[in-house]
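Residue numbers (mature numbering (1 follows the signal peptide of the UniProt record, and there is no 0)): -29 to -1, 1 to 196. Working notes, structure below.
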Amino acid sequence: MPTRNKKAMFASAFLTCACSFVLLCLVLGTQQWVSSYVEFSGVNSVRVKLSYGLFQGTCGQLVDAGLEFSEQPFRVAENLSSPRTRSTNITIIVMLVLSLLSSLLSSGVTCTNAVSNPYQTFLGPIGVYTWNSLCGILVLVAMILFPVNIEAHELSVELAQKCSSLQTHVGSQHSYGYSYWIMLLIILLNIASIVITYFYDHAKYYEKKQQERPIEVAPKDVILF
């Protein structure tokens, strides 16, 4: 059976991994990734309001007179015609799904160590380091790719063109929502899990070294005896 110290440390690491898993499900399941205002010029200046995520969103038009039409739902994949925006969006989804799997495996490893002493090395701290690092890196790359898809590949403009008959793009403004910023919290949780496991592993290593050299720290009279 694991020691009380090991139970406490790995239980804390399991809690951070479980929170990371739940938040990843929230990120994939919600659509509040970004809100955009895209302006087009023509006979009347039209401003398209978009709010969407990786899978679906809503759009509506605001004309010069200030009349705002009711927002209409749309599916992101069905409105993407550019190979760049489509492939980048698919890449982000794949990375988040892989990070979800990594978070699940990390939760399993930490839970296993909290209730038992696994013999396999990969089920110990190394497994925690590996899966949490992989999860954090994948989420970080997804955080970088999403703004790139919006700013560089003009994802919002492409989606707005499906909601408006005007095609002359004038300008756009973007505001990232909570679904996007939650990924930053997920990265911090993965770092916290690694730090907790490192402190336990380091303390265990130091204790083992102390036990391997009892004669060096023993009193001289005991050694002579």
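C-beta atoms are modelled at their ideal positions from N, C-alpha and C, and glycine is treated no differently.
G24: buried (16+ other C-beta within 10 angstroms of its C-beta) or exposed?
buried
Buried or exposed (CB count within 10 angstroms, at least 16 for buried), C(-5):
exposed
Start and end residues, beta strand (DSSP E) containing Q144:
139 to 147
What's the gap between the Cα of T83 and the Cα of L94?
8 Å
Name the two residues that bound the continuous beta strand (DSSP E) containing F93.
Segment: none, F93 is in no beta strand (DSSP E) and carries neither H nor E.
Helix, strand or coil, according to DSSP, for Q2 in the structure here?
coil
Find the nearest neighbour of F170 within the set V99, A(-12), V19, Q144, judged by alpha-carbon distance.
V99
Pair every Cβ in the stretch 135 to 154 with every Cβ in the stretch 41 to 53, then say whether three or more of these pairs are closer than 8 Å.
no
Under the three-state reduction of DSSP, which class applies to E122: helix, strand or coil?
helix
Helix, strand or coil, according to DSSP, for S74 in the structure here?
helix
I need the straight-line Cα distance from N161 to T62, nearest angstrom please.
21 Å
Could you check if P54 is buried or exposed, using at least 16 other CB atoms within 10 Å of its CB as the buried criterion?
exposed
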